[in-house]
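**Student:** Please see the structure below; I have some questions.
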Amino acid sequence: MQDWKALIDKGAEMCGGQNALARKLGTTSGALASCKAGKRAMPKEQIQELAAILNTDASELWTAQELANMPRRNPFLRAAATAAACLVGGVVLSASLPSDAQASTLDKSSSAGNCLYIMSNKE
15 MQDWKALIDK
25 GAEMCGGQNA
35 LARKLGTTSG
45 ALASCKAGKR
55 AMPKEQIQEL
65 AAILNTDASE
75 LWTAQELANM
85 PRRNPFLRAA
95 ATAAACLVGG
105 VVLSASLPSD
115 AQASTLDKSS
125 SAGNCLYIMS
135 NKE
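Using the numbering used here, read the sequence shown as starting at 15 and increasing by one per residue.
Here is the structure:
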């Protein structure tokens, strides 16, 4: 079984370029590039048209596309990315908060008698 990107490249080569292939499939070059990169799924009508261009079975193309799109749809990878983002956020937040000793000195210096108010009378 061939790689999804290689199959689209082969179809583009047979049509004279990615723009020509996109026109034959009835889509835009940007949409075809998104399908090739695995960012979106190609509609089954376009897969059937691509299969006719490549003289291959549409089920082979469908399988290749599903394998290429698997990382985008993998719930484990999404959960791992979310957990990593939370971990990084927690580390950044804890690094920016004052320690207990620093917080106690801040509390002592900010008592009611030591406050400085700056007032302005701009007219």
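Where a beta carbon is used, it is the ideal one built from N, C-alpha and C, also for glycine.
List the whole-angstrom C-beta distance separating Q60 from L39, where the pair is believed to meet the contact cut-off of C-beta under 8 Å.
**Tutor:** The residue you call residue 60 lines up with position 46 of the sequence shown. The residue you call residue 39 lines up with position 25 of the sequence shown. Confirmed, about 5 Å.
**Student:** Contact between the segment 70-83 and the segment 98-107 is defined here as three or more beta-carbon pairs at a separation below 8 Å; is this criterion met?
**Tutor:** Judged by Cβ distances under 8 Å, the segment 70-83 makes no contact with the segment 98-107, as fewer than three pairs qualify.
**Student:** Where do the N-terminal and C-terminal ends of the alpha helix (DSSP H) with M56 fall, by residue?
**Tutor:** Counted from its first residue, the sequence shown places residue 56 at position 42. Here M56 belongs to no alpha helix (DSSP H), and DSSP marks it neither H nor E.
**Student:** Alpha helix (DSSP H) containing N33: first to last residue?
**Tutor:** Here residue 33 is taken as the residue at index 19 of the sequence shown, counted from 1. Counting along the chain, the alpha helix (DSSP H) containing N33 begins and ends at Q32 to L39.
**Student:** Quick test of your reading: L21 and L35, contact by CB under 8 Å. State the CB separation rounded to the nearest angstrom.
**Tutor:** Position 7 of the sequence shown holds residue 21. Position 21 of the sequence shown holds residue 35. Not a contact, Cβ separation roughly 11 Å.
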